[in-house]
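Residue 0 is where the sequence shown starts when you use numbering that gives the first Met the number 0, and the numbers rise one by one after that. Note that the Cβ used here is the ideal one computed from N, Cα and C, for glycine as well. Only a predicted model underlies this, so the values are computations on that prediction, with no experimental measurement involved. Written out below as structure tokens is the structure these notes cover.
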Amino acid sequence: MKNINQLSLQNEMSMYNRRRFLKNLSFGFWSGAMMLPYLSAMAGGSDLFDTGAIPGPADAITDALQSGKKLGVALVGLGKYSEGELGPALEKTKLCKLAGIVTGTPEKANKWKKKYNVPDKNVYNYQTFDRIADNPDIDIVYIVLPNPMHEEYVIRAAKAGKHIICEKPMAMTVQECQAMIDACKKADRKLSIGYRLHFEPHHQNVMQIGQNKIIGDIKKIICDDGQVQSEESPWRLGRGVGGGGPVRDLGVYCTQAAIYTKGEIPVSVIAKYHPKTDVEKFKLIEEGMNFQFQFADGSTADCKVSFNEKFNKLRAEGTKGWLELDPAYEYKGIEGKTSSGKMDLPNVPQQTLQMDDFANCIISNKPTRVPGEMGMRDVGILQSIFEAAETGNKVKINVNHVMDPVGNKK
Ligand code: NAD
Numbered sequence: 000m001k002n003i004n005q006l007s008l009q010n011e012m013s014m015y016n017r018r019r020f021l022k023n024l025s026f027g028f029w030s031g032a033m034m035l036p037y038l039s040a041m042a043g044g045s046d047l048f049d050t051g052a053i054p055g056p057a058d059a060i061t062d063a064l065q066s067g068k069k070l071g072v073a074l075v076g077l078g079k080y081s082e083g084e085l086g087p088a089l090e091k092t093k094l095c096k097l098a099g100i101v102t103g104t105p106e107k108a109n110k111w112k113k114k115y116n117v118p119d120k121n122v123y124n125y126q127t128f129d130r131i132a133d134n135p136d137i138d139i140v141y142i143v144l145p146n147p148m149h150e151e152y153v154i155r156a157a158k159a160g161k162h163i164i165c166e167k168p169m170a171m172t173v174q175e176c177q178a179m180i181d182a183c184k185k186a187d188r189k190l191s192i193g194y195r196l197h198f199e200p201h202h203q204n205v206m207q208i209g210q211n212k213i214i215g216d217i218k219k220i221i222c223d224d225g226q227v228q229s230e231e232s233p234w235r236l237g238r239g240v241g242g243g244g245p246v247r248d249l250g251v252y253c254t255q256a257a258i259y260t261k262g263e264i265p266v267s268v269i270a271k272y273h274p275k276t277d278v279e280k281f282k283l284i285e286e287g288m289n290f291q292f293q294f295a296d297g298s299t300a301d302c303k304v305s306f307n308e309k310f311n312k313l314r315a316e317g318t319k320g321w322l323e324l325d326p327a328y329e330y331k332g333i334e335g336k337t338s339s340g341k342m343d344l345p346n347v348p349q350q351t352l353q354m355d356d357f358a359n360c361i362i363s364n365k366p367t368r369v370p371g372e373m374g375m376r377d378v379g380i381l382q383s384i385f386e387a388a389e390t391g392n393k394v395k396i397n398v399n400h401v402m403d404p405v406g407n408k409k
């Protein structure tokens with residue numbers, strides 16, 4: 000038996016979703032080719048109006064699709080993420096395609112040339128990279144290198160006159176981020192961050208439910224992201240070029256989720272390192288950390304990251320209900336529910352949508368929802384988290400107010 004509160008919440012969500020769905024239709028969200036695969040994915044689910052309000056890409060991409068233009072993307076760094084996710088995702092994009100590669104390993108170059116039909120003239124190494132400026136096949140450079148290398152390669156790509164996607168976290172410091180933003184502005188090129196979850200229906204639904212107070216005022220958020228880190232990428236464990244550790248690698252997801260669920264930037268943070276259970280493996284980085292954000296209204300987000308334990312959850316508790324994603328931050332298999340039922344939403348090819356959205360922004364000359372300024376905001380917050388853990392103090396957060404408009408906070 001549902002109680003009155005549950006019923007009214009369910010009605011409210013249902014009406015809200017119905018309104019959004021109709022609004023989205025009337026404004027062409029999920030229109031044309033982008034809509035078809037997701038409508039058919041949803042067809043097997045229950046009543047669309049009950050739970051299925053998928054916000055969809057920020058822009059209808061029909062115009063861009065009709066132009067028939069596909070932008071060329073060059074991946075810089077052919078490691079795990081490029082090989083496992085971005086290369087395959089680029090085979091499904093509608094507005095861009097894999098046109099070039101940048102790698103220091105000739106064997107990788109040969110493998111990719113064959114697999115993706117990349118011509119020799121579009122293959123670069125880190126020394127020849129700047130010559131990409133003369134290559135009209137390449138419109139977008141996607142930086143998929145270890146974190147401490149992002150700044151250098153974004154700036155070099157901007158100088159080469161290319162639009163840029165930079166992986167998360169944007170850089171190691173706010174100063175680096177500012178230099179990257181300045182270089183892109185000077186070159187009049189667009190810069191976006193590889194925040195794939197902004198293009199994922201469950202997360203978009205969370206933004207809308209949280210920011211529009213469908214579950215009332217959010218009082219408490221929980222963001223947990225942990226994985227058992229292998230030795231495969233030594234830099235992630237702080238070796239070689241370094242710049243790894245769970246706070247930078249995973250804490251950025253928790254930071255993002257806390258902000259887009261609440262629709263606000265936290266005002267302060269406290270943090271505590273986890274004790275090291277494997278001193279050798281975690282000699283150069285933290286093994287894990289708990290941090291808590293405080294928002295202006297006194298509500299909190301409790302976050303936990305680890306390279307030695309597996310968890311993957313986003314939960315928000317409001318005055319009228321709750322929402323939860325578990326797993327929350329994976330490439331696929333995200334599952335969501337709220338106090339009024341299951342989120343009946345499809346899993347989508349996140350990176351494909353993310354790259355197509357950026358291509359659309361370039362073709363249609365629109366701002367990206369995940370700009371460099373958002374990456375800089377998050378790097379600033381990560382710096383405050385580290386300061387809080389180092390000092391044991393509550394640290395004030397002082398960053399730019401940059402939000403993804405998909406949440407549409409009222
Ligand atoms: P990886 O270690 O598998 O790949 C890094 C690549 O950089 C390798 O090809 C390596 O050869 C190359 N490289 C060039 N110079 C190097 C140097 N001096 N030291 C080390 N490597 C060097 O890492 P990855 O998992 O592919 O991550 C790359 C970036 O992508 C990171 O910024 C990471 O945070 C990000 N990432 C994002 C997601 C996401 O979901 N958005 C997922 C995974 C990784």
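The ligand GDP and residue i: does the residue's C-beta get closer than 7 Å to at least one heavy atom of that ligand?
i    : result
T104 : The ligand content of the structure shown is limited to the ligand NAD, which means the ligand GDP is not among them.
As a quick exercise: from the options, pick the residue whose alpha carbon is nearest that of residue i.
i    : options                : result
S232 : G225, G243, C222, D224 : G243
E443 : V304, A295, T318       : There is no way to answer for residue 443, as the model of the chain reaches only from 0 to 409.
S267 : L249, A256, C253, Q293 : Q293
T172 : W321, T127, D403, V398 : V398
F281 : C176, K68, G241, Q203  : G241
G103 : G76, D129, H400, E82   : G76
A315 : Q255, I214, F290       : I214
K271 : E106, K393, Y328       : K393
I208 : L324, L64, D133        : L324
H273 : F128, P370, C302       : C302
Q174 : P404, F385, G374, A388 : G374
M342 : P366, Q349, A327       : A327
F128 : L74, L196, E82         : L74
Quick one: measure Cβ to Cβ for residue i and residue j, integer angstroms, because I've assumed they're closer than 8 Å.
i    : j    : result
I164 : F357 : 6 Å
M354 : A88  : 7 Å
Y141 : V72  : 6 Å
Q228 : L236 : 7 Å
A182 : I139 : Contact doesn't hold; Cβ gap of about 16 Å is too wide.
E150 : G193 : Actually they do not touch by this definition, with Cβ atoms about 15 Å apart.
Taking the C-alpha atoms as reference points, what is the distance between residue i and residue j?
i    : j    : result
V101 : I217 : 44 Å
Y428 : T351 : Nothing can be reported for residue 428: it is not among the residues displayed for the chain, which extend from 0 to 409.
I443 : A178 : The requested residue 443 does not occur in the structure, where the chain is confined to residues 0 to 409.
G51  : L344 : Per-residue confidence for G51 stands at a pLDDT of 32, beneath the threshold of 50, marking its modelled position as unreliable; the derived number appears in the next sentence. One C-alpha to the other measures close to 6 Å.
F198 : G86  : 18 Å
R368 : L144 : 22 Å
I410 : K112 : There is simply no residue 410 to check, as the chain begins at 0 and stops at 409 in what is shown.
G31  : K91  : Only weak support exists for where G31 lies, its pLDDT of 31 falling under 50; the value from the coordinates is given anyway. Spanning the two alpha carbons is a distance of roughly 16 Å.
L47  : K331 : Any reading at L47 is ruled out, since the residue's pLDDT is 21, under 50, leaving its predicted position unreliable.
H400 : P118 : 43 Å
T318 : M288 : 28 Å
D224 : N307 : 11 Å
L134 : K107 : Rather than Leu, the amino acid found at residue 134 in this sequence is Asn. Rounded to whole angstroms, N134 to K107 spans 21 Å at the Cα level.
I120 : N109 : It should be noted that the sequence gives Lys, not Ile, for residue 120. Near 13 Å, if we compare the C-alpha coordinates of N109 and K120.
I361 : R238 : 37 Å
A257 : P348 : 23 Å
E389 : G78  : 32 Å
T260 : Q126 : 42 Å
T337 : Y123 : 48 Å
N407 : V278 : 45 Å
K395 : Q255 : 17 Å
In three-state DSSP terms, what is residue i?
i    : result
V227 : strand
S305 : strand
K312 : strand
D156 : Here the sequence assigns Ala to residue 156, which means Asp is not the residue at that position. DSSP places A156 in helix when its eight states are reduced to three.
E323 : strand
M288 : strand
H201 : helix
I361 : helix
H162 : strand
V405 : helix
H137 : Just to set this straight, residue 137 is Ile in the shown sequence, not His. Here I137 sits in coil by DSSP.
G215 : coil
A178 : helix
Q293 : strand
P370 : strand
K185 : helix
R335 : Note that residue 335 is Gly in the sequence shown, not Arg. G335 falls in the strand class under three-state DSSP.
T299 : strand
K271 : strand
If you measure from the beta carbon of residue i to each beta carbon in chain D, is any gap under 8 Å?
i    : result
Q291 : Annotation note: the requested chain D is absent from the structure, which comprises a single protein chain.
Checklist entry - Per the contact definition of three or more C-beta pairs closer than 8 Å, is the stretch 91-100 in contact with the stretch 177-191? => result The answer is no - the stretch 91-100 does not touch the stretch 177-191, with fewer than three Cβ pairs under 8 Å.
Next on the checklist: Quick check: the stretch 321-339 against the stretch 147-162, are at least 3 beta-carbon pairs closer than 8 Å?
Outcome noted: no
Next on the checklist: Contact between the stretch 371-383 and the stretch 244-251 is defined here as three or more beta-carbon pairs at a separation below 8 Å; is this criterion met?
Outcome noted: yes
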